[in-house]
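Counted the way my numbering counts, the sequence shown spans residues 87 to 420.
Think of the CB as a built atom: it goes at the ideal place given N, C-alpha and C, for glycine as much as any other residue.
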Amino acid sequence: MKQWVITFIFALTSTTALATPRIIFDTDFGGDADDLGALAMLNHMHNRGECEFVAVANWNNERYSLPAIAAINQYYGNGEIPLGTRKEGLWHGAWQYNKPLVDALGSPITAQQTPSTTEMYRRLLSKADDNSITIVTVGPLLNILSLLDSSADQYSTLDGKRLVEKKVKEFVVMGGQFPKGEWEWNFNGNMPGVTRKVMEKLDVPVIFSGYEVGQAVKTGESLNQLEKDHPLYIGYRHFSEHAEWMQEQFDGDISANASYDQTAVLYAVRGLQPYWRLSPKGIATVNDEGGNTWEETAEGEHRYLILTDAKAATHAVLSAMLGEDTSLNQTNGE
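See below:
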């Protein structure tokens with residue numbers, strides 16, 4: 087009997103470990119505050135054992151973007167998480183919240199000291215178990231295209247496409263609008279054709295969290311109750327004041343903001359829960375301008391989230407962003 091119990095506990099523990107999502111987060115950190123919220127979520131979820139936060143791939147080549155990501159991870163006790171970034175054409179945008187975060191928190195690293203996203207992806211995927219990685223993309227997809235187009239190297243004899251097919255369980259992509267959309271930033275990214283090429287090359291399951299999902303889940307205003315030196319307060323307030331599309335409603339406090347990226351993270355880690363259901367299988371076709379259409383077919387490997395409980399999703403996103411700071415009053419629908 088004792089041996090049976092030990093065997094059962096071991097099997098249960100092993101199953102739980104296998105079920106823990108292993109997440110690589112691909113972000114355009116620094117523009118919209120939802121990337122900051124999503125990064126905070128992943129750090130808290132990793133610290134609670136809900137997921138394994140494997141790495142961050144950064145699309146944004148703003149000079150302080152990568153240092154800000156490193157600073158946030160370090161703030162939450164996860165400074166060892168591997169990073170990769172785009173390095174070409176570094177620039178500085180004072181309206182982005184990256185530099186205020188670096189100024190407040192300090193940063194252990196610069197973009198120049200960090201491997202490229204392709205090198206990071208290939209190194210980590212080559213060591214991963216087959217069919218074990220979930221890649222969550224919340225920005226334009228150039229990093230993924232570069233990975234898919236990569237050649238065999240010192241890390242793997244497989245080219246990028248075959249490496250992804252072997253190691254990646256699924257992609258969770260924040261982008262598009264479903265079932266049909268004319269233009270969306272992550273699908274366009276001022277890089278015509280990138281998303282189209284990715285979708286044509288990618289041969290693993292993809293779950294889309296579209297614009298319409300994040301737009302219905304508003305968070306931000308409750309963050310006004312945080313201490314002024316909290317990174318979420320610093321980032322969200324700077325964003326509310328300086329982002330061009332937020333300035334009109336800025337009144338001195340953090341404004342409500344759509345939770346586009348957080349919804350993708352919430353699904354990737356916790357699944358459907360009570361928040362949404364999945365569309366039938368189909369194929370999302372993306373044009374060069376960043377618009378998309380949907381064809382339902384049982385042969386497709388694409389599905390998209392359909393929001394079923396915005397209030398529950400909003401509360402879950404806010405709680406996950408704050409981690410232990412869940413005692414804040416729920417205001418304005420948050």
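Residue i vs residue j beta-carbon contact at 8 Å
{"i": "residue 152", "j": "residue 223", "result": "no"}
{"i": "residue 171", "j": "residue 197", "result": "yes"}
{"i": "residue 154", "j": "residue 115", "result": "yes"}
{"i": "residue 296", "j": "residue 377", "result": "no"}
{"i": "residue 169", "j": "residue 212", "result": "no"}
{"i": "residue 398", "j": "residue 360", "result": "yes"}
Nearest-angstrom Cα separation, counted from residue j out to residue i
{"i": "residue 333", "j": "residue 227", "result": "28 Å"}
{"i": "residue 273", "j": "residue 371", "result": "11 Å"}
{"i": "residue 363", "j": "residue 352", "result": "13 Å"}
{"i": "residue 216", "j": "residue 328", "result": "43 Å"}
{"i": "residue 234", "j": "residue 379", "result": "23 Å"}
{"i": "residue 331", "j": "residue 181", "result": "11 Å"}
{"i": "residue 70", "j": "residue 156", "result": "This structure cannot settle anything about residue 70, because the visible part of the chain is limited to 87 through 420."}
{"i": "residue 192", "j": "residue 314", "result": "16 Å"}
{"i": "residue 324", "j": "residue 383", "result": "44 Å"}
{"i": "residue 385", "j": "residue 287", "result": "16 Å"}
{"i": "residue 405", "j": "residue 120", "result": "14 Å"}
Cβ-based burial, residue i [other Cβ within 10 Å; buried from 16]
{"i": "residue 357", "result": "exposed"}
{"i": "residue 339", "result": "exposed"}
{"i": "residue 99", "result": "Confidence in residue 99 is poor, its pLDDT being 40 and thus under 50, which makes the residue's placement too unreliable to answer from."}
{"i": "residue 134", "result": "exposed"}
{"i": "residue 344", "result": "buried"}
{"i": "residue 289", "result": "exposed"}
For residue i: DSSP bridge partner residues
{"i": "residue 169", "result": "142"}
{"i": "residue 254", "result": "219"}
{"i": "residue 295", "result": "260"}
{"i": "residue 363", "result": "392"}
Helix, strand or coil at residue i according to DSSP, with G and I counted as helix
{"i": "residue 338", "result": "coil"}
{"i": "residue 378", "result": "strand"}
{"i": "residue 316", "result": "coil"}
{"i": "residue 368", "result": "strand"}
{"i": "residue 345", "result": "coil"}
{"i": "residue 271", "result": "helix"}
Check: residue i C-beta below 7 Å from any heavy atom of the ligand HEM
{"i": "residue 331", "result": "No copy of the ligand HEM appears in this structure; indeed no ligand is present at all."}
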